[in-house]
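Colleague: Residue numbers (the working numbering), protein chains in the order written: chain A, 26 to 173; chain B, 26 to 173; chain C, 9 to 85; chain D, 9 to 85.
Don't be surprised by glycine CBs; every beta carbon is placed ideally from N, CA and C.
Since the structure is predicted, the reported quantities are computational estimates derived from the model, not experimental observations.
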Amino acid sequence: MEIQLFETPYDPYALLRDFEMAPDHPGSHLGAASLFIGTMRDFNEGEAVESLWLEHYPGMTERELQKIAQEVRQTTPFERGLIVHRVGHITPGDTIVLIGTWSCHRAEAITATSKIVEALKHRAPFWKKEQRGEKNHWVERNTPGSVA
Amino acid sequence: MEIQLFETPYDPYALLRDFEMAPDHPGSHLGAASLFIGTMRDFNEGEAVESLWLEHYPGMTERELQKIAQEVRQTTPFERGLIVHRVGHITPGDTIVLIGTWSCHRAEAITATSKIVEALKHRAPFWKKEQRGEKNHWVERNTPGSVA
Amino acid sequence: MSIHVRYFASLRETMGRMDESLSPDGLLTVSDVWKAVHQGQTLPDHLLCAVNMAYAKPESPVQDGDEVAFFPQVTGG
Amino acid sequence: MSIHVRYFASLRETMGRMDESLSPDGLLTVSDVWKAVHQGQTLPDHLLCAVNMAYAKPESPVQDGDEVAFFPQVTGG
Chain A
26 MEIQLFETPY DPYALLRDFE MAPDHPGSHL GAASLFIGTM RDFNEGEAVE
76 SLWLEHYPGM TERELQKIAQ EVRQTTPFER GLIVHRVGHI TPGDTIVLIG
126 TWSCHRAEAI TATSKIVEAL KHRAPFWKKE QRGEKNHWVE RNTPGSVA
Chain B
26 MEIQLFETPY DPYALLRDFE MAPDHPGSHL GAASLFIGTM RDFNEGEAVE
76 SLWLEHYPGM TERELQKIAQ EVRQTTPFER GLIVHRVGHI TPGDTIVLIG
126 TWSCHRAEAI TATSKIVEAL KHRAPFWKKE QRGEKNHWVE RNTPGSVA
Chain C
9 MSIHVRYFAS LRETMGRMDE SLSPDGLLTV SDVWKAVHQG QTLPDHLLCA
59 VNMAYAKPES PVQDGDEVAF FPQVTGG
Chain D
9 MSIHVRYFAS LRETMGRMDE SLSPDGLLTV SDVWKAVHQG QTLPDHLLCA
59 VNMAYAKPES PVQDGDEVAF FPQVTGG
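(1) Between D:Ala-64 and chain A, is any beta-carbon pair separated by less than 8 Å?
(2) Can you give the beta carbon distance from B:Ala-149 to B:Leu-90, rounded, assuming they're within the 8 Å contact cut?
(3) Would you mind listing the beta strand (DSSP E) stretches within the region 28-103 of chain A that are 3+ residues and don't spill past its ends, in chain order?
(4) Between which residues of its own chain and B:Arg-157 is the CB-CB distance below 6 Å, once the five residues before and five after are set aside?
(5) May I ask you to check if the CB of A:Arg-42 is nearer than 7 Å to at least one heavy atom of the ligand FMN?
(6) Listed from N- to C-terminal order along the chain, which residues in the region 45-76 of chain B have their beta-carbon within a distance smaller than 8 Å of any beta-carbon of chain C?
(7) I need the straight-line Cα distance from A:Gly-125 to D:Glu-67, nearest angstrom please.
(8) Using the beta-carbon count (16 or more within 10 Å), is A:Ser-171 buried or exposed?
(9) Does chain B have any CB closer than 8 Å to the CB of C:Asp-81?
(10) Can you list the residues of chain B that C:Met-16 reaches, using a CB-CB cut of under 9 Å?
(11) Going along chain B in order, which residues have a C-beta closer than 8 Å to the C-beta of A:Arg-88?
(12) Classify B:Thr-100: buried if its beta carbon has 16 or more other beta carbons within 10 angstroms, exposed otherwise.
(13) By the criterion of Cβ-Cβ separation under 7 Å, what are the contact partners of D:Gly-24 in chain A?
(14) At what residues does the beta strand (DSSP E) containing B:His-162 begin and finish?
(15) Assign B:His-162 to one of two classes, buried (16 or more other C-beta atoms within 10 Å of its C-beta) or exposed (fewer than that).
(16) Using CA atoms only, rank isn't needed, just tell me which of A:Asp-36, A:Leu-41, A:Val-122 and A:Pro-48 is closest to B:Met-46.
(17) So, helix, strand or coil for D:Arg-25, using DSSP?
(18) Can you list the residues of chain A that B:Leu-30 reaches, using a CB-CB cut of under 8 Å?
(19) Could you tell me whether the Cβ of B:Ser-41 comes closer than 8 Å to any Cβ of chain A?
(20) Would you call the CB atoms of B:Phe-68 and A:His-130 closer than 8 Å?
(21) Step through the CB atoms of chain B and report whether any lies within less than 8 Å of the CB of A:Val-164.
(22) Could you pull out every residue in the same chain whose Cβ sits closer than 6 Å to the Cβ of B:Pro-169, ignoring the five residues on either side in sequence?
(23) Output the boundary residues of the beta strand (DSSP E) element that contains A:Ala-132.
(24) Note down, in chain order, all residues in the region 44-75 of chain C with a beta-carbon under 8 Å from any beta-carbon belonging to chain B.
(25) So the candidates are B:Arg-42, B:Glu-155, B:Glu-104 and B:Thr-64; which of them puts its Cα closest to the Cα of A:Thr-120?
(26) In the DSSP assignment, what residue or residues form a beta bridge with D:Val-59?
(27) Is it buried or exposed, B:His-81, if we count other Cβ atoms within 10 angstroms and call 16 or more buried?
(28) Our contact map puts A:Ser-128 next to A:Ala-57 with C-beta atoms below 8 Å; I'd like the distance itself, whole angstroms only.
If you want it as structure tokens, here you go:
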């Protein structure tokens, strides 16, 4: 499982193309790719959000993402996987998270990506702080209308 | 719902970037994108597949894809949707199908794309003919190990 | 006028033609259309049919001017 | 040696510090570590904890040299 954390904006599609071009990507053997992309929204709970601060736990975040991928793989096998997440200062429109799995079978790719998305939201050590106007506050878990 | 059928190879990632850049794409309001990409494999049932002929029913294929999108949208609302499918002569590594939905909520995007993928496989008028060595044959429904 | 009949994929190859036009006389359903080109045989279960580019059933009505299509199970995606 | 304690996100701000080092004497569990820096108070339910970068429970054992982290519910993705 490839894990990448970026402190600056990244282009998810350029990154996906590079990932699939890599020599270790078993190209034409993998018929199905299921991808999830989460983007920073400019509104939350009806209020404009100017920016986001995304804190993480360097070391533990990467380990937990690897654990998530391994656990999902045990029940829903896939051939290749990619998890990319932004950290630090983020502005609306920036891609926050990119999750992809590649498999020979569409059902496995779709289920694996979906499980990784859910596990990442619930377990991966990331914390969002929203800047709305003059105020900023830490996002609460399960905020209605929370990003992605 | 945007439907595109291509007779020549397309780059799914360039296409996605263009789609998201379009003036009618409500950019930063949509936090979640769920994408599925099906690629032509070079092997099926343990045999090398050299190429694929993809026949469709011009007119009905587009209508059926629109119907699928509308039906899925009634139970699983999403903001924007894209279905792209190759037709004609296809070689290994070519992207066959690209399905994407964009929503404010991750669960809806993931479910909608997954439902569209299944409905497309079962209902959209497309037929694959495989070229393996000197022989070619029409792919049967539910072939074990069928593409994506 | 007439009923325009179309065939796709393996059925197109089996039939040896892509389409044909039938006189609508006595053709009330999709099933009748099939019988008209197959010496009265019943439409096989494994084939699908459409009228005017929407899925239909063997018992679906057909009218003069309709496009009726027959094809095997789909295998796209 | 010592136990290295780290805080993240809103808890880091509430604590007014990112980390600190404690003498391991008498600290047998994660819960003990929390109590040591909170005048004997119990670890609140809404906080999560980790030992050496793996999720742990309040009753999980700690050893000299361990890194113990406390943080609120995660909100990534």
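Modeller: In brief:
(1) No, D:Ala-64 lies away from the interface with chain A (no Cβ there is under 8 Å from its Cβ).
(2) Indeed, because the Cβ distance is near 6 Å, the residues count as touching under 8 Å.
(3) Runs of the beta strand (DSSP E) lying entirely within the region 28-103 of chain A, each at least 3 residues long, are 57-64 and 76-81 in chain order.
(4) So the qualifying residues of the chain are Glu-72 and Val-74.
(5) Among the ligands in the structure shown, none appear at all, so the ligand FMN cannot be discussed.
(6) Look at the region 45-76 of chain B: the residues with a C-beta under 8 Å from a C-beta of chain C are Gly-63.
(7) Looking at the two C-alpha atoms, the distance is approximately 36 Å.
(8) For A:Ser-171, the predicted structure reports a pLDDT of 42, less than 50, and the residue's modelled location is therefore unreliable. A value from the coordinates is still provided. Classification of A:Ser-171: buried, given that the 10 Å Cβ count is 16 or more.
(9) Sequence check: residue 81 of chain C is Gln here, not Asp. Interface residue, yes.
(10) The amino acid occupying residue 16 of chain C in the given sequence is Phe; Met does not appear at that position. Within 9 Å Cβ-Cβ: Glu-80, His-81, Tyr-82, Pro-150 and Trp-152.
(11) Residues of chain B passing the Cβ test: none, with the nearest at roughly 23 Å.
(12) Here B:Thr-100 is exposed: its Cβ has fewer than 16 other Cβ atoms, across all protein chains shown, within 10 Å.
(13) Neighbours of D:Gly-24 in chain A, taken as residues at a C-beta separation under 7 Å, are lacking, since the least C-beta distance is about 15 Å.
(14) For B:His-162, the enclosing beta strand (DSSP E) has its first and last residue at 160-163.
(15) For B:His-162, the number of other beta carbons within 10 angstroms of its own is below 16, and it is reported as exposed.
(16) In terms of Cα proximity to B:Met-46, the closest of A:Asp-36, A:Leu-41, A:Val-122 and A:Pro-48 is A:Asp-36.
(17) Three-state DSSP puts D:Arg-25 in coil, outside helix and strand.
(18) Against chain A, the beta carbon of B:Leu-30 has no neighbour under 8 Å; the closest one sits roughly 19 Å away.
(19) Rather than Ser, the amino acid found at residue 41 of chain B in this sequence is Leu. Against chain A, the CB of B:Leu-41 has a partner CB under 8 Å away; the residue lies at that interface.
(20) No, the Cβ-Cβ distance between B:Phe-68 and A:His-130 is not below 8 Å.
(21) Interface annotation, A:Val-164: not in contact with chain B, CB-CB separation never under 8 Å.
(22) With a pLDDT of only 42 at B:Pro-169, under the threshold of 50, the placement of this residue in the model should not be trusted, and no figure is reported.
(23) It is not in any beta strand (DSSP E) - A:Ala-132 instead sits in the alpha helix (DSSP H) that spans 131-148.
(24) Contact residues of the region 44-75 of chain C toward chain B are Ala-58, Met-61, Ala-62 and Tyr-63 (C-beta to C-beta distance below 8 Å).
(25) When each option's Cα is compared against that of A:Thr-120, the closest is B:Arg-42.
(26) BP columns for D:Val-59 point to D:Ala-62 and D:Val-76.
(27) Buried.
(28) Indeed they touch by this definition, with Cβ atoms about 5 Å apart.
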